[in-house]
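Step one of this worksheet: look at the structure below.
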Amino acid sequence: MRVVSLHPDVLVATSAVLQVNCVIVRGSIAGTEADGQRSSPGARNAERENPVRVIEIAGEASAAAESFVIDSPVLPEELETLPALLAQAHFPEPSGLLATHGDWDHLLGRLAYPGLVLGCAQSTAERLRASPGEAQRALRAFDKDLLIERPRPLALGSIQALPVPGRCGIGDHELELHPAEGHTVDGMAIWISWARVLVAGDYLSTVEPPTLDDGGDRDAYLATLARLRPLVASAERVVPGHGPVLDTGRALEVLEENVVALT
Ligand SMILES: [Zn+2]
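According to this note's numbering, the stretch in the sequence shown is residues 133 to 395, in order.
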C-alpha cells in the first residue's frame, strides 16, 4: 500500500491490488467556541433545519480534530495497517466511514473499523438495501480467486444515508457531497474544499476507462462528468477511485477524453 499526503488534512492510501484509493480526511476543531452547525457523518440537511449549537471547551479541544475514512484498501494487511497509519500521521481515530459508491471494492472500511457507521449517498443506501449480500458475494469471489483469507467476513453494519447534494460536517469543516451516478446506479463525489481535493469515486481514472456497470447509464455518466468539471477545474488534486492522483490539468484532460469516449 502506498500512502501519500495531499494536504496536512488529507492522506491517500493506494491499495496494491486494483489500485483502489482510500482517502483519509481530517477536519480540525478550533479551540474556541464553535458556533457553527456541528455534526457527525450524518444527514446535514436535517441538521440545517434544526441547527445544534455546540460549545467546545477551550484547551481541551485545541488539538482536537475529527477524521473520516473514505472508501478502502482491499488487502487484509492493508486494512489492518489503517489504524497505525492514522496514528502515525497524528490523525484522530476516525469517527465515521464514507463510501463513494456501493461497489464491493470501496466498502471494506468496516473490516478495519467494525464499530463505525458507514455513510453513503441515499442512492447507494438504496442500492445496498435492494441487493443484500451483493458486496459480500463479490468480495468472496475475489478473495477465492486470489487465495486471500480474511480474519472476519464483511458486515456492512449500520448504514447512514446522506442527502446528496449536501454537506457532511467534519470538525469545523464540511465536506461537500455531489451526485456521481452513471458508472453505477449510485454514488457521490466528495469535495474537500479547504484542501481543494476532489474524491471522484470511479470517475476520471487513468487506469480504468469509463465503464457502465450493472445499473450504469451513459447519459447519467455524462451528466456526472459535466457536474464534476467545475470542481475539477478548481481542485488542486483529483483522486479517482482507482489509479494515480491527478493534478487539475491532467484530470481535465481525462474528463474530456471520457466525454469523447462516451459520445
Ligand atoms: Zn471501483
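All C-beta atoms, glycine included, are put in the ideal place defined by N, C-alpha and C.
With DSSP as the reference, please indicate the residues paired to residue i in a beta bridge.
i	result
ILE322	LEU309 and VAL331
LEU229	VAL201 and LEU250
For ligand 1, I want to know if residue i counts as a neighbour, meaning its beta carbon is within less than 6 angstroms of at least one of the ligand's heavy atoms.
i	result
GLY314	no
GLY373	yes
ASP334	yes
ASP237	yes
If you draw a straight line from the C-alpha of residue i to the C-alpha of residue j, how long is it?
i	j	result
LEU143	VAL136	6 angstroms
GLU198	SER160	6 angstroms
ASP345	SER366	29 angstroms
LEU336	GLU313	13 angstroms
ARG299	LEU240	23 angstroms
PRO297	LEU309	5 angstroms
VAL317	LEU211	27 angstroms
With DSSP as the reference, label residue i as helix, strand or coil.
i	result
SER199	strand
SER366	helix
HIS315	coil
ALA222	Per the sequence shown, the amino acid found at residue 222 is His instead of Ala. Coil at HIS222, not helix or strand.
GLY375	coil
ALA358	helix
GLY381	helix
LEU239	coil
PRO341	coil
Report task. Just list the beta strand (DSSP E) runs in the region 245–306, keeping only unbroken ones of 3 residues or longer that don't cross its boundaries, in chain order. Result -> 250–253, 291–294 and 298–302
Query raised in the report: Which runs of the beta strand (DSSP E) spanning at least 3 residues fall entirely within the region 133–159, listed in chain order?
Result: 134–139 and 142–146
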